[in-house]
Each structure stands twice: as C-alpha cells, then as structure tokens.
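Working notes, beginning with the structure itself.
2 protein chains.
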Amino acid sequence: MTLASLVNHQVRLAQRPEGMATRDHWKFTTEAVAEPGEGGVLVQVLMLSLDPAMRGWMNEGKSYIPPVEIDAVMRAGGIGRVIASRTPAFAVGDTVYGTLDAQEYKVFAPQDIRRAGLVKVDLAMGSATQWLNVLGMPGMTGYFGLLDIGAPQPGQTVVVSGAAGAVGQTVGQLAKIKGSRAVGIAGGAAKCAWVVNELGFDACIDYKAGPNAVREGLKEHCPKGVDVYFDNVGGDILDAVLARLAMKARIVICGAISQYNNRNSAPAAGPKNYLSLLVHRARMEGMVVFDYADRYPQAIAEMSAYLKNGRMKSREDVVQGLENFPEALTRLFSGANFGKLVLEVARA
Amino acid sequence: MTLASLVNHQVRLAQRPEGMATRDHWKFTTEAVAEPGEGGVLVQVLMLSLDPAMRGWMNEGKSYIPPVEIDAVMRAGGIGRVIASRTPAFAVGDTVYGTLDAQEYKVFAPQDIRRAGLVKVDLAMGSATQWLNVLGMPGMTGYFGLLDIGAPQPGQTVVVSGAAGAVGQTVGQLAKIKGSRAVGIAGGAAKCAWVVNELGFDACIDYKAGPNAVREGLKEHCPKGVDVYFDNVGGDILDAVLARLAMKARIVICGAISQYNNRNSAPAAGPKNYLSLLVHRARMEGMVVFDYADRYPQAIAEMSAYLKNGRMKSREDVVQGLENFPEALTRLFSGANFGKLVLEVARA
Chain A
0 MTLASLVNHQ VRLAQRPEGM ATRDHWKFTT EAVAEPGEGG VLVQVLMLSL DPAMRGWMNE
60 GKSYIPPVEI DAVMRAGGIG RVIASRTPAF AVGDTVYGTL DAQEYKVFAP QDIRRAGLVK
120 VDLAMGSATQ WLNVLGMPGM TGYFGLLDIG APQPGQTVVV SGAAGAVGQT VGQLAKIKGS
180 RAVGIAGGAA KCAWVVNELG FDACIDYKAG PNAVREGLKE HCPKGVDVYF DNVGGDILDA
240 VLARLAMKAR IVICGAISQY NNRNSAPAAG PKNYLSLLVH RARMEGMVVF DYADRYPQAI
300 AEMSAYLKNG RMKSREDVVQ GLENFPEALT RLFSGANFGK LVLEVARA
Chain B
0 MTLASLVNHQ VRLAQRPEGM ATRDHWKFTT EAVAEPGEGG VLVQVLMLSL DPAMRGWMNE
60 GKSYIPPVEI DAVMRAGGIG RVIASRTPAF AVGDTVYGTL DAQEYKVFAP QDIRRAGLVK
120 VDLAMGSATQ WLNVLGMPGM TGYFGLLDIG APQPGQTVVV SGAAGAVGQT VGQLAKIKGS
180 RAVGIAGGAA KCAWVVNELG FDACIDYKAG PNAVREGLKE HCPKGVDVYF DNVGGDILDA
240 VLARLAMKAR IVICGAISQY NNRNSAPAAG PKNYLSLLVH RARMEGMVVF DYADRYPQAI
300 AEMSAYLKNG RMKSREDVVQ GLENFPEALT RLFSGANFGK LVLEVARA
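Quick note, the sequences are listed as chains A and B, same order.
Take 0 as the starting number for the first sequence in numbering that gives the first Met the number 0 and just add one per residue.
Take 0 as the starting number for the second sequence in numbering that gives the first Met the number 0 and just add one per residue.
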C-alpha cells in the first residue's frame with residue numbers, strides 16, 4: 000500500500016454553535032494523504048482526546064489560544080504512529096503525542112512539528128489511553144493546578160468537581176498521595192462509588208442526588224471547611240463550595256463545563272458567593288496547563304511511577320470511530336462519559 | 000463638671016434593614032456616664048469613622064466579625080480623648096483611637112481596652128481626621144491590600160474603584176509612590192478631577208458618565224491591561240475590569256459597596272467574567288485589614304512621612320452631630336461623600 004492510496008477522513012467545523020454543538024455544526028471531508036516533505040513527518044492518528052476545552056475553541060474571539068477557524072479541521076490532541084518520516088527526530092513506528100486534530104492522518108512540515116507539540120511517547124510508561132489521561136494534558140492540568148496553585152498541606156481538605164473525569168481523578172488521587180483528604184463531586188452513584196472504592200477518595204458527593212446534595216455533602220464531609228477547591232465545573236457547585244471555605248482557602252479555576260454551552264455567547268454565571276473570598280481571606284486563581292510545558296517531563300515521570308506502583312489508577316471511556324466525533328463530544332457536557340473520554344480513530 | 004452629670008447619647012440598632020438602612024432602623028438612647036473601674040478608662044468620643052463595612056455588621060449571620068446585636072450601640076471606630084483614667088496606660092488628655100461606637104462616651108473595663116484596640120495616637124503624625132483615614136483602618140486596608148496582595152511592580156497599571164474614597168485615595172497615591180501607574184474609577188467629574196489633579200493619578204474614569212464609560216475608559220487608560228485591580232465596589236465595574244486583565248493580574252477583593260444593600264439578604268451579583276481569571280492566569284484574593292494589625296505601626300510611620308513630605312494628600316468629608324448618624328451613613332452608598340466620611344461627635 001502506497002501513501003498515495005490512503006484517504007484522510009476529517010471532521011471540520013462547519014459553523015459556530017450557539018449552545019450545545021450538534022452534528023449540523025460539523026462537516027466531514029476527505030482528502031488524499033500527502034507525502035511528508037524534507038524534514039517532515041506523517042502520522043496516523045490512533046486516538047483523540049475529547050476535552051471540555053474544545054467547546055471554547057469553537058467560539059469566536061480571544062481566549063488563551065485562537066479559535067478554530069470555520070472550515071478548518073477541528074483541533075484535537077491525540078496519540079498517533081509515525082508512518083513516514085524525513086527527519087531523524089522520528090522513526091517509522093514511533094508512537095507520538097501532539098495536536099493531531101480530528102482526522103485520520105496528519106502530515107507535518109518541519110515548522111509544524113514544534114507548534115503541534117509533537118513528541119515521542121514511551122508506552123512502557125503508560126498505555127496510549129493513559130498518555131491522553133494521567134500522563135497527558137488532563138493529568139498535567141491536575142498535577143500543576145493542584146500542587147502549584149492549590150498547594151494543599153498534609154491533612155488539609157481538597158475538593159474536586161468532575162471527580163470521575165480526566166482531571167478530577169488525577170487531582171483527588173494526587174491529593175491523597177500528598178497526604179491531604181480528598182472529597183470528590185461527581186454525577187451519579189456509580190461514579191461516586193468508583194471514586195471512593197477504586198480511587199480511594201475519602202468521600203464523593205453525588206450532585207445529582209438532590210437540589211441540596213452538594214451543600215449538605217460539603218457540610219458532612221468537610222467539617223473544617225474546604226482548604227483547596229479544584230473547580231472544573233463552575234455554576235452552582237462553585238457557589239456551594241464558596242459557602243464552605245476554610246480560612247486562606249485556594250480555589251483553582253481550571254474550567255467551568257456547566258457554563259460552556261450558554262446560549263448567545265452569554266458569559267458564565269458569576270459566583271454569587273465570591274465575597275466569601277474576603278471573609279475567608281481566600282484566593283481564586285486561574286491556570287492554563289501549557290504554562291507548565293517545560294516541567295511536564297518531571298511530572299510525567301512521577302505520575303508514571305504512581306501508575307506502576309498502583310498508587311494511581313486511571314479510567315478511560317473509549318468511543319470508537321471518527322464518524323462518531325460529534326456525538327462523542329456532547330457526552331462530556333451531559334456527563335455521560337465515565338472517565339477520560341477518548342475517541343479511537345484506528346486500532347493501535 | 001463631674002462625670003456623673005454627663006449624659007451619654009447613643010445610637011443603637013433597632014432592627015436589621017433589608018436594603019438601605021433608614022432612620023427607622025436606629026434608635027436614640029441616653030444613659031448616665033459611668034466612672035471607670037480599677038484599671039479602666041473613660042473616653043469622650045470626638046470623631047467616628049463611617050465605613051461601608053458597617054452595613055455588613057448590621058446583617059445577621061457569620062462574617063469576618065460578629066454582627067451588631069439588636070439594641071446594641073452601633074459598632075464604630077473613632078478618635079476620642081481620655082477624660083478619666085485608672086490605668087497607667089492612659090492619661091487624662093490622651094488622644095486615642097479604637098472601637099468607641101456610635102455614642103458620646105465609652106467607659107472601658109480593663110479587659111475591654113485590648114478588645115477595642117484602644118491605642119494612643121500622636122497628633123504630630125497626622126490630624127485626628129487623618130488618623131481615621133490614611134493613618135487609620137482605610138489607610139491600612141489600602142496599604143496592605145495593595146502592597147501585600149496586589150504587589151504591583153514598577154510600571155504596572157493599578158486600577159482602584161472608589162478612588163476618591165478613603166481606601167481608594169490611599170491605594171492610588173501609594174501605587175504612584177511605588178512607581179506604578181494609577182487609574183481611578185470614581186463617580187462624577189469633580190471627584191475625577193480631584194483624583195487626577197490633586198492626588199496625581201494618571202487618569203480617572205467617571206463611572207457615571209455613561210453606560211460604557213468604564214469599559215471605554217479602561218480601554219483608553221489601560222492599553223496593556225490591568226495588572227492590579229483594587230476592588231471596593233463589585234458589580235458591573237468588577238466585571239468590566241475582569242474583561243481587561245493583563246496576564247498574571249491580581250484582583251484585591253476589599254469590598255463590594257454596590258452589593259451591600261441588596262434586598263432580602265440576596266447574595267452579591269457574581270462576577271460574570273470570572274473565567275477571565277483562567278484566560279489570564281490571574282488571581283482574585285480577599286483581604287481583611289485586621290490580619291495585619293501587628294504591622295500597623297510600621298505602615299503608619301511610613302504613611303505619616305508621606306503626609307508630611309507632601310507625597311500623599313488626604314481628604315475627609317466631615318458631617319457634624321451624632322444625631323445625623325443615620326443619614327450620614329447612607330451618603331456612603333449613594334456616593335454623596337467626597338473623601339473619607341467622618342462624623343464629628345464633639346469638637347476636639
């Protein structure tokens with residue numbers, strides 16, 4: 000089989016959604032696979048990471064990275080395999096991580112290799128799905144957000160929302176490893192049971208259990224208040240935690256998935272209880288994982304060791320087929336995924 | 000004149016207000032002035048500090064200090080003169096600062112002296128009104144909030160709301176002294192002119208000049224974004240500043256006067272643009288001045304020197320007569336005061 004005979008199926012952004020994205024906001028295209036030029040590399044996409052941040056990339060306007068342009072292939076991080084190389088940096092057969100986008104193949108010109116963050120990954124350190132989870136962007140987000148911004152002390156109470164999700168599972172387990180108490184917030188009894196029984200959190204609050212479930216759960220499980228809150232969701236849950244802060248608490252603002260599909264580009268619902276920051280001399284701070292890129296290797300090595308010695312577990316929710324990209328992405332926002340959501344594009 | 004012949008007029012909290020406090024929420028009482036016991040002291044109240052925080056003290060429920068009880072004399076900091084003393088710590092004629100409350104005389108038992116923070120003040124370091132302003136709680140709030148929490152670097156842009164008020168005038172002038180740019184936000188052309196022409200701020204935005212005045216003013220006067228925002232007001236102005244943050248910005252949450260009179264104890268309007276903290280890796284942190292009490296003397300000495308060498312100016316808005324306490328307090332919330340609001344209870 001020559002490269003020229005390969006067809007690249009792609010998912011492109013057809014129009015910017017108001018509210019939740021549906022299949023109508025995407026279009027599917029095909030094109031021939033190009034040979035890499037001098038210094039370039041061709042990667043077959045194996046798995047794509049589906050992340051809440053993608054919803055933000057679909058909106059117009061300035062954010063921490065530029066939006067995906069209309070008609071462009073949707074931006075996505077993923078794991079792939081090198082199938083042609085004209086650079087000594089990569090050999091055919093190498094497993095790589097980088098911005099591969101929602102497609103089956105990506106050809107990189109030399110200047111694009113660095114821009115896409117293309118790096119070799121060692122499958123001895125973790126599986127391909129773990130490289131998109133604990134060892135990938137969500138894991139790095141949890142690691143640096145918790146340790147650098149949240150900075151929990153031993154014995155302090157760390158609360159994390161989206162506890163069964165990609166970032167949340169890392170945050171809670173890492174909090175435990177570092178000697179803190181970990182209290183999760185997740186949707187549904189099954190996720191909560193897994194977070195406590197498998198991941199070893201001290202408690203998990205099911206936010207779907209009733210209108211006062213979070214408030215009452217925090218009161219029960221955080222009797223001395225919340226020292227660190229790692230916020231992935233925003234909205235009412237953020238307000239409930241603000242009402243339970245300990246003195247000098249730190250809130251890590253990592254995301255606000257409950258607010259990403261607001262219609263008409265309405266801003267997020269603001270945290271009504273933010274003056275609790277004043278009463279408790281507390282701090283709310285935003286973080287973007289890319290700022291820590293030069294420290295990823297050390298963090299990955301540490302996390303890989305935890306995976307190997309069993310102190311950290313991971314769970315991925317794998318959906319198969321690039322054609323299912325639109326529906327798979329919406330599962331993040333309904334909370335239907337259980338674990339880090341991954342789209343398998345080709346068998347490894 | 001014997002002490003026994005003195006009558007102490009007092010203002011007590013009659014009922015907790017919903018929304019703005021009116022005269023109906025207060026009652027006026029009189030009682031005889033008691034002699035101080037062994038180790039105690041009797042102080043005649045000269046001036047009281049009227050502060051936005053007082054509105055919070057009138058509400059039920061936990062905050063950074065307990066609420067004022069119904070029928071209690073309203074809590075207020077003030078300047079007074081010792082008129083009888085049975086402790087070597089104070090002599091008759093000493094000028095003192097402390098929690099004197101809304102009344103004409105306060106007798107302190109020994110254990111109350113420390114609780115009320117009663118200290119001698121040196122009128123050579125600043126006038127009595129300055130001791131309630133730059134050298135008092137508002138000045139200390141501005142000093143530690145700006146320098147410890149905001150931590151502006153030379154050349155960075157500091158924005159402060161309530162710029163003509165007690166805290167705001169200190170924050171902006173101190174920012175200039177430390178080499179930063181200072182941009183104020185105040186209500187009305189007269190206040191803005193004073194802030195720029197007298198206090199030396201680089202610019203001042205009149206938030207009453209139109210619905211987009213703050214947004215456009217920030218764009219014009221903070222072309223590189225806002226590095227430090229010292230927030231005294233909350234509400235729409237906080238949102239407008241959030242939309243103009245520089246990377247790694249710090250927001251000092253000192254108060255939210257726009258939200259203190261919300262009806263039915265409704266929480267503050269939350270900052271809708273809080274996700275700007277994420278985009279800009281920025282921080283929002285609450286502060287309460289009492290935490291810095293052990294560092295007041297050094298800060299007061301520094302500020303007194305600035306007053307003397309003319310690098311810092313102060314303006315106080317003095318209302319006369321304890322009987323005018325209710326109406327004077329409401330001036331804070333309409334923005335009718337121009338400078339630090341002080342109630343003169345007796346001539347010094």
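We put the beta carbon where it would ideally sit given N, CA and C, even for glycine.
Spanning the alpha carbons of residue 184 of chain B and residue 27 of chain B requires a straight line of approximately 36 angstroms. The beta carbons of residue 203 of chain A and residue 162 of chain A sit about 6 angstroms from each other, so the pair counts as a contact at 8 angstroms. Inclusion of residue 135 of chain B and residue 116 of chain B in the CB contact set at 7 angstroms is not warranted, their separation being larger than that value. Here DSSP, grouped into helix, strand and coil, assigns residue 279 of chain A to coil.
Of all residues in the segment 271 to 287 of chain B, only 271, 272, 273, 274, 275, 276, 277, 278, 279, 280, 281, 282, 283, 284, 285, 286, 287 place a beta-carbon less than 9 angstroms from a beta-carbon of chain A. Residue 192 of chain A carries a helical assignment under DSSP once its states are collapsed to helix, strand and coil.
Under the three-state reduction of DSSP output, residue 305 of chain A falls in the helix class.
Comparing alpha carbon positions, the residue from A:181, A:207, A:149, A:225 closest to residue 253 of chain A is A:149. Within the model, the alpha-carbon separation for residue 315 of chain A versus residue 126 of chain A is close to 11 angstroms. In the same chain as residue 190 of chain B, and ignoring 5 residues on each side of it, the C-beta atoms closer than 7 angstroms to its own belong to 163, 337, in chain order. The count of Cβ pairs closer than 8 angstroms, one atom from the segment 286 to 297 of chain A and one from the segment 284 to 298 of chain B, stays below three, leaving the stretches out of contact.
From the beta-carbon of residue 252 of chain A, the residues of chain B found nearer than 8 angstroms are 273, 274, 276, 277. The shortest C-alpha to C-alpha distance from residue 110 of chain A to any of A:35, A:46, A:275, A:194 is the one to A:35. For residue 138 of chain A, the closest C-alpha among the options A:308, A:300, A:325 is that of A:300. Against chain B, a Cβ distance below 8 angstroms from residue 268 of chain A picks out 269, 271.
Between residue 313 of chain A and residue 67 of chain A, the gap from beta carbon to beta carbon reaches 7 angstroms or more.
Taking a beta-carbon distance threshold of 7 angstroms, residue 63 of chain A counts as an interface residue toward chain B.
Nearest to residue 51 of chain A by C-alpha distance, out of A:255, A:37, A:285, is A:255. The bridge partners DSSP lists for residue 228 of chain B are B:158, B:250.
Under the 7 angstroms criterion on CB atoms, residue 150 of chain B is classed as non-interfacial with respect to chain A.
Residue 238 of chain A: member of the alpha helix (DSSP H) spanning 234 to 241, first to last residue. Contact annotation for residue 255 of chain A against chain B: 273, 274, 277 [CB-CB distance below 9 angstroms, chain order].
Taking a 10 Å sphere around the C-beta of residue 29 of chain A, we find fewer than 16 other C-beta atoms and assign the residue as exposed. 233: these are the residues of the segment 209 to 237 of chain B whose beta carbon lies less than 8 angstroms from some beta carbon of chain A, given in chain order.
DSSP, reduced to helix, strand and coil, places residue 181 of chain A within a strand of the structure shown. Contact between residue 47 of chain A and residue 344 of chain A holds: CB atoms are separated by about 6 angstroms, below the 8 angstroms threshold. DSSP, reduced to helix, strand and coil, places residue 287 of chain A outside both helices and strands of the structure shown, so it counts as coil. Annotated three-state conformation of residue 53 of chain A is helix, per DSSP.
Annotated as proximal: residue 10 of chain B and residue 73 of chain B, with beta-carbon spacing under 7 angstroms. Listed in chain order, the beta strand (DSSP E) elements of length 3 or more contained wholly in the segment 11 to 87 of chain A are 25 to 31, 40 to 48, 76 to 84. Put simply, of A:93, A:224, A:103 the residue whose alpha carbon is nearest the alpha carbon of residue 122 of chain A is A:93. DSSP, reduced to helix, strand and coil, places residue 97 of chain A within a strand of the structure shown.
With 16 or more other Cβ atoms inside 10 Å of its own Cβ, residue 231 of chain B counts as buried. Secondary structure of residue 117 of chain B (DSSP, three-state): coil. Here residue 157 of chain A is not near residue 192 of chain A, since their CB atoms are 7 angstroms or more apart. Straight across, the Cα-Cα distance linking residue 58 of chain B with residue 241 of chain A is about 19 angstroms.
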